[in-house]
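*Asks:*
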Amino acid sequence: MHPISWLSDHDLRFPPIEQALAEPDGLLAVGGDLEPERLVAAYYEGIFPWYEAGGPILWWSPDPRMVMAPRDVHLSRSLRRHIRRQPFTITMDSAFPEVIRQCAGLREHREGTWITTEMQDAYVRLHELGYAHSVEVFQDGRLSGGLYGISIGPMFFGESMFALRDNASKVAFLALARQLDDWGFKLIDCQMPTSHLATLGARPMARSTFKHWLWKYREQPTRRGFWRFELDIPRLIAPKRE
6 MHPISWLSDH DLRFPPIEQA LAEPDGLLAV GGDLEPERLV AAYYEGIFPW
56 YEAGGPILWW SPDPRMVMAP RDVHLSRSLR RHIRRQPFTI TMDSAFPEVI
106 RQCAGLREHR EGTWITTEMQ DAYVRLHELG YAHSVEVFQD GRLSGGLYGI
156 SIGPMFFGES MFALRDNASK VAFLALARQL DDWGFKLIDC QMPTSHLATL
206 GARPMARSTF KHWLWKYREQ PTRRGFWRFE LDIPRLIAPK RE
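Residue numbering for the sequence shown follows the working numbering, beginning at 6 and increasing consecutively.
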């Protein structure tokens with residue numbers, strides 16, 4: 006077993022992800038900072054930060070990884086009925102700071118948040134630099150759900166989602182997946198396995214397999230800058246035809 010690495014403030018290198026602990030699953034390194042260069046370097050290696058307020062920054066690469074191909078997003082019958090009944094306005098990158106605040110606030114209310122003020126500031130900075138993106142779902146003129154994440158090559162690394170009304174986060178994820186598929190994205194990384202993500206089509210993938218795909222795709226061009234939907238809304242949330 007490898008000891009946990011303490012990161013230098015002056016060195017952006019991370020230890021190999023194979024050195025991550027089995028318990029707690031995926032803990033790889035401690036320390037460093039949340040500067041844009043380090044965050045991009047982390048995602049480039051399949052690593053993400055996750056820690057509690059007041060504690061040191063912890064860096065993770067779990068095994069297995071929860072992932073899905075954008076084309077494999079699943080639209081259940083119940084969600085299809087909900088979409089038909091509810092009018093939505095869906096946007097990209099129109100309210101990134103509010104989306105991340107809502108993600109943080111929802112988790113703080115339920116079980117305590119890892120999306121600290123420091124984390125929020127760091128990802129807003131990545132958004133301003135064109136790496137981080139959000140999807141917003143509005144109902145009755147109000148933000149009712151959304152998600153945010155990072156783009157590296159033809160891969161999207163999902164960070165968090167929230168819903169203030171039923172199924173709003175699922176609608177955001179569905180719209181994102183349909184647009185990413187149209188853009189030629191290969192993989193959505195959902196990080197940790199959850200039943201919520203499983204209902205949308207995400208599945209566990211061994212870290213070694215995830216590394217293979219990451220190493221294959223990460224050097225390819227990504228869509229840097231502010232995003233806008235290029236598919237119309239009916240095509241985004243309608244059942245996909247094979």
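Using N, Cα and C, we set each Cβ at its ideal position, and we do this for glycine too. These numbers come from a predicted model, not from an experiment.
(1) Starting from Ala-180, follow the alpha helix (DSSP H) in both directions and report where the run begins and ends.
(2) Can you list, in chain order, the residues of its chain with a C-beta nearer than 6 Å to that of His-7? Leave out the 5 residues immediately preceding and following it.
(3) Helix, strand or coil: which one does DSSP assign to Thr-143?
(4) Alpha carbon to alpha carbon, how far is Thr-121 from Thr-204? Give it in angstroms, no decimals.
(5) Going along the chain, which residues of its own chain have a beta-carbon closer than 7 Å to the beta-carbon of Glu-103, five neighbours each way excluded?
(6) Within a Cβ cutoff of 8 Å, which residues of the same chain sit near Glu-224, ignoring the five residues on either side of it in sequence?
(7) If you measure between the beta carbons of Ile-193 and Ala-182, is that distance less than 8 Å?
(8) In the structure shown, what three-state DSSP assignment does Tyr-48 receive?
(9) Is it a yes or a no for the stretch 182-191 touching the stretch 228-236, going by three-plus beta-carbon pairs under 8 Å?
(10) Identify whether Val-35 lies in helix, strand or coil by the three-state DSSP scheme.
(11) How would you call Trp-220, buried or exposed, if buried means at least 16 neighbouring beta carbons within 10 angstroms?
(12) If I measure Cβ to Cβ from Lys-175 and keep anything under 7 Å in the same chain, skipping five residues before and after, which residues do I get?
(13) If you follow the beta strand (DSSP E) that Trp-65 is part of, which residue opens it and which one closes it?
(14) Classify Glu-247 as buried or exposed, calling it buried when 16 or more other Cβ atoms lie within 10 Å of its own Cβ.
(15) Taking 6 Å as the limit between beta carbons, can you name the residues of its chain near His-132, skipping five residues before and five after?
(16) Between the Cα of Arg-76 and those of Thr-214, Phe-215 and Gly-189, spot the shortest distance and give me the residue it belongs to.
(17) Cutting at 6 Å between CB atoms, please list the residues of its own chain near Ala-127, excluding the five before and the five after it.
(18) Could you pull the start and end residues of the beta strand (DSSP E) that Ser-99 belongs to?
(19) Using the beta-carbon count (16 or more within 10 Å), is Arg-177 buried or exposed?
(20) Do Tyr-153 and Ala-168 have their C-beta atoms within less than 8 Å of each other?
(21) Among Trp-65, Met-197 and Met-97, whose alpha-carbon lies nearest the alpha-carbon of Pro-21?
(22) From His-15 to Gln-91, what distance separates their C-alpha atoms?
(23) Would you identify the three-state DSSP class for Asp-126, choosing helix, strand or coil?
(24) Does the Cβ of Thr-96 have 16 or more other Cβ atoms within 10 Å, making it buried, or fewer, making it exposed?
(25) Nearest-angstrom Cα distance between Val-45 and His-201?
*Replies:* For this structure:
(1) 173-188
(2) Gln-24
(3) Correcting the residue identity first, residue 143 is Phe in this sequence and not Thr. In the structure shown, Phe-143 sits in a strand (DSSP, three-state: E or B).
(4) 28 Å
(5) Leu-148
(6) Gly-158
(7) yes
(8) helix
(9) yes
(10) strand
(11) exposed
(12) Leu-84 and Leu-205
(13) 63-65
(14) Legend: pLDDT at Glu-247 = 42, less than 50; position of this residue unreliable, value from coordinates given subsequently. Its Cβ having fewer than 16 others within 10 Å, Glu-247 is exposed.
(15) Phe-101
(16) Gly-189
(17) Leu-39
(18) Segment: none, Ser-99 is in no beta strand (DSSP E) and carries neither H nor E.
(19) Here residue 177 turns out to be Ala, not Arg, going by the sequence shown. Ala-177 comes out buried.
(20) no
(21) Trp-65
(22) 51 Å
(23) helix
(24) buried
(25) 27 Å
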